[in-house]
Each structure stands twice: as C-alpha cells, then as structure tokens.
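Take a look at the structure set out below.
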Amino acid sequence: MLSHTCQTAIKAVIFLASSIEANEKMGIPTIANEITASVHSVGKLLQKLVKAGVIESSKGPSGGFYMTKAQLKQPILQIVLAIDGVDVFKRCGLGLSKCASTHPCPIHYDYKEVRDRFELLCKNKKIADLCAPLSQGVSFLIG
Numbered sequence: 002m003l004s005h006t007c008q009t010a011i012k013a014v015i016f017l018a019s020s021i022e023a024n025e026k027m028g029i030p031t032i033a034n035e036i037t038a039s040v041h042s043v044g045k046l047l048q049k050l051v052k053a054g055v056i057e058s059s060k061g062p063s064g065g066f067y068m069t070k071a072q073l074k075q076p077i078l079q080i081v082l083a084i085d086g087v088d089v090f091k092r093c094g095l096g097l098s099k100c101a102s103t104h105p106c107p108i109h110y111d112y113k114e115v116r117d118r119f120e121l122l123c124k125n126k127k128i129a130d131l132c133a134p135l136s137q138g139v140s141f142l143i144g
C-alpha cells in the first residue's frame, strides 16, 4: 500500500523522534545507516518532510535533522501525505485506473475496507506512539 520511499520516511522519522531526548541533530549518513537505506534517497525524503513541517533541519557544522516535542504529536498521516500523497488511500488494490464502486475490480470492496482501516490507523497513531515500543526494545527498525 505504501511506497518503499514512504516506508523509509516513516522509519527515518521514528529514528529521529526516538532520539529527541538526547537533543541531538542527526546527519543524513547517520539516519541512512540506522535504517539501512541509501544516503541519496534518505536525503531527498528528509527534505520533503522538512517542507511538510514533519521534521526540522538546521544548516552549518552543528546542523542536521531533528524534531520538536510538538512534532511528536503529529499523526503518521502527515508523513504519508508528504511522501505518497492522499492517493494512497484512494488507489485500487490491483492498480486499475478506473476502479470504483460503480465499476469495481474483483477485490474492490475487501481492499477498500483494509485501505480505510489503514487510513484510520494513520490518522490516530501519533509519531510518539511509534517511538515507545522502540525505546522499550519490543520493536525494531531493521530486519
């Protein structure tokens, strides 16, 4: 459902959010290494997230990417919208361009139900909610 880029963006945001207490700014290579992604793709998606207000950045020798406590309260929907856009919650499960309730594909109604539940999850789960299991050691960003 989510693009690989969006999945990577969510992992990058969770990593940044989980290091907010240390009050550190992270560089692109560090983030890319921690989430096992390419430096190039991480750099591009982080800029999109900054433009969308999901994360912050600062330039200079002590610069990098970081998050504020207020940004932790954002729903993960903000990440999805910044990277994949609203269409991720409208697309056909089989990739058909003309799939609709008036012209459904074979999995239309089942997929719509899953897609709608996923959209609700993205609206309700806050970035901070995804950090807690990580910091408790019960979930992971690699593997």
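Take 2 as the starting number for the sequence shown in the numbering used here and just add one per residue.
We put the CB at the ideal spot given by N, CA and C, even for glycine.
Predicted model only: the values in this text are computed from it and were never measured.
Supposed contact pair Ala18 and Lys49 - C-beta distance, whole angstroms, cut 8 angstroms: Position 48 of the sequence shown, counted from the first residue, corresponds to residue 49. Position 17 of the sequence shown, counted from the first residue, corresponds to residue 18. Not really, about 17 angstroms apart at Cβ, beyond 8 angstroms.
Whole-angstrom distance between Asp88 and Pro30, CA atom to CA atom: Residue 30 sits at position 29 when you count from the first residue of the sequence shown. Residue 88 sits at position 87 when you count from the first residue of the sequence shown. Cα to Cα, the separation comes out at about 30 angstroms.
Supposed contact pair Ile32 and Ala10 - C-beta distance, whole angstroms, cut 8 angstroms: Your numbering for residue 10 matches position 9 in the sequence shown. Your numbering for residue 32 matches position 31 in the sequence shown. About 11 angstroms; that fails the 8 angstroms criterion.
Outcome for Gln137 when other beta-carbon atoms lying within 10 angstroms are tallied against a minimum of 16: Here residue 137 refers to the residue found at position 136 of the sequence shown. The residue is exposed, with fewer than 16 neighbouring Cβ atoms inside 10 Å.
Own chain partners of Phe16 with C-beta closer than 7 angstroms, once the 5 adjacent residues on each side are dropped: In the sequence shown, counting from the first residue as 1, residue 16 sits at position 15. Excluding residues within five positions, the ones whose Cβ falls inside 7 angstroms are Ile32, Glu35, Ile36 and Leu142.
Length of the line joining the Cα atoms of Asp111 and Lys26: Counting from one through the sequence shown, the residue named residue 111 turns up at place 110. Counting from one through the sequence shown, the residue named residue 26 turns up at place 25. Cα to Cα, Asp111 sits roughly 43 angstroms from Lys26.
Under the three-state DSSP convention, the category Ser39 falls into: By one-based count along the sequence shown, residue 39 stands at place 38. Note: Ser39 maps to coil in three-state DSSP.
Host beta strand (DSSP E) of Glu114 (start-end): Sequence index remark: in the sequence shown, residue 114 carries index 113 (1-based). That residue, Glu114, is in no beta strand (DSSP E); its alpha helix (DSSP H) goes His109 to Asn125.
Distance between beta carbons of Asp85 and Ser20, contact taken as under 8 angstroms: Within the sequence shown, residue 20 is the residue found at index 19, counting from 1. Within the sequence shown, residue 85 is the residue found at index 84, counting from 1. Actually they are not in contact, since the Cβ atoms of Ser20 and Asp85 sit about 25 angstroms apart, beyond 8 angstroms.
Delimiting residues of the alpha helix (DSSP H) encompassing Phe90: Against the sequence shown, residue 90 aligns to sequence position 89. No alpha helix (DSSP H) contains Phe90, which DSSP labels as neither H nor E.
Range covered by the alpha helix (DSSP H) that runs through Ser136: On the sequence shown, position 135 is the one that residue 136 refers to. Run containing Ser136: Ile128 to Ser136, per the alpha helix (DSSP H) assignment.
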